[in-house]
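Peer 1: Submitted below is the structure of interest, expressed as structure tokens.
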Amino acid sequence: MLNRELLGPSLFLALFTLYAIVAWQIPLLPFEEYETVTSATLPKVYAAVGIIVCLLSIGATLLKPTTAVDEDNALKKSHVLRTIGLLILMVIYSAALEPIGFLISTSAFLLVGFFVMGERRKAILLLASIPVAVVFWFLMTQVLGIYLVPGNLWS
1 MLNRELLGPS LFLALFTLYA IVAWQIPLLP FEEYETVTSA TLPKVYAAVG IIVCLLSIGA
61 TLLKPTTAVD EDNALKKSHV LRTIGLLILM VIYSAALEPI GFLISTSAFL LVGFFVMGER
121 RKAILLLASI PVAVVFWFLM TQVLGIYLVP GNLWS
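Letter by letter, the sequence shown follows residues 1 to 155 in UniProt numbering.
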């Protein structure tokens, strides 16, 4: 009974459980000992809410009446391969940010990511990746004044 409706919440449950373990190990500063709200409060609340939502989602999925085998909801090999491909692409993107800069690495990440997800039209690939990266870069650097790495190739 491994399908997308059960796999997603199960993975998020594992993630939120690990997050809760880390959140409960956040050390308190000396002046926070007797405070009601501390630096560890919000992470603990996030972890608890995430675990509750995941458990409710898993429970709703398990209690849902089963019908005939739903081919649309089955976990397919192609979906798993796409997911693994995107995870590898994310690692490559994070490694490429410093050497080639935000604009080029983000544009390439979006372009290849859309390709991995099944988009094959060149116009859509280019118009959905490059303008998004440029507009995001402009908003972050020029409007908000946030530093985004320009890359080592240009210096």
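All C-beta atoms in this analysis are idealised placements derived from N, C-alpha and C, irrespective of residue type, glycine included.
Which complete alpha helix (DSSP H) runs does the UniProt domain "DUF1468" (11 to 148) hold, if anything under 4 residues is left out?
Peer 2: 41 to 63, 77 to 100, 102 to 116, 122 to 138
Peer 1: Would you say the stretch 26 to 41 touches the stretch 79 to 93, given that touching needs at least three Cβ pairs under 8 Å?
Peer 2: no
Peer 1: Report yes if the C-beta distance between Val135 and Leu110 is below 8 Å; otherwise report no.
Peer 2: Residue mapping note: residue 135 aligns to position 135 of the sequence shown, counting from 1. Residue mapping note: residue 110 aligns to position 110 of the sequence shown, counting from 1. No, Cβ-Cβ distance for Val135 and Leu110 is not below 8 Å.
Peer 1: Pick out whichever of Leu125, Pro150, Leu127 has its Cα sitting closest to the Cα of Trp137.
Peer 2: Along the sequence shown, read from residue 1 onward, the residue named residue 137 stands at position 137. Of Leu125, Pro150, Leu127, the residue nearest in Cα terms is Pro150.
Peer 1: Report all residues from its chain with a CB closer than 6 Å to the CB of Ile130; omit the five preceding and five following residues, and keep chain order.
Peer 2: Reading the sequence shown from its first residue, position 130 is the one you call residue 130. Contacts found: Ser107.
Peer 1: Taking only three categories from DSSP, how would you classify Pro150?
Peer 2: Along the sequence shown, one-based indexing puts residue 150 at 150. DSSP, read as helix, strand or coil, puts Pro150 in coil.
Peer 1: Tell me the rounded alpha-carbon separation between Leu125 and Tyr147.
Peer 2: Looking up residue 125 in the sequence shown gives position 125. Looking up residue 147 in the sequence shown gives position 147. Near 27 Å, if we compare the C-alpha coordinates of Tyr147 and Leu125.
Peer 1: Tell me which same chain residues have a C-beta within less than 7 Å of the C-beta of Lys64, skipping the five on either side of it?
Peer 2: Here residue 64 refers to the residue found at position 64 of the sequence shown. Same-chain partners within the cutoff: there are none.
Peer 1: For Leu56, count neighbouring Cβ atoms within 10 angstroms of its own Cβ and tell me buried if that reaches 16, exposed if not.
Peer 2: As a working mapping, residue 56 is identified with position 56 in the sequence shown. By the neighbour-count rule (16 or more Cβ atoms within 10 Å), Leu56 is not buried but exposed.
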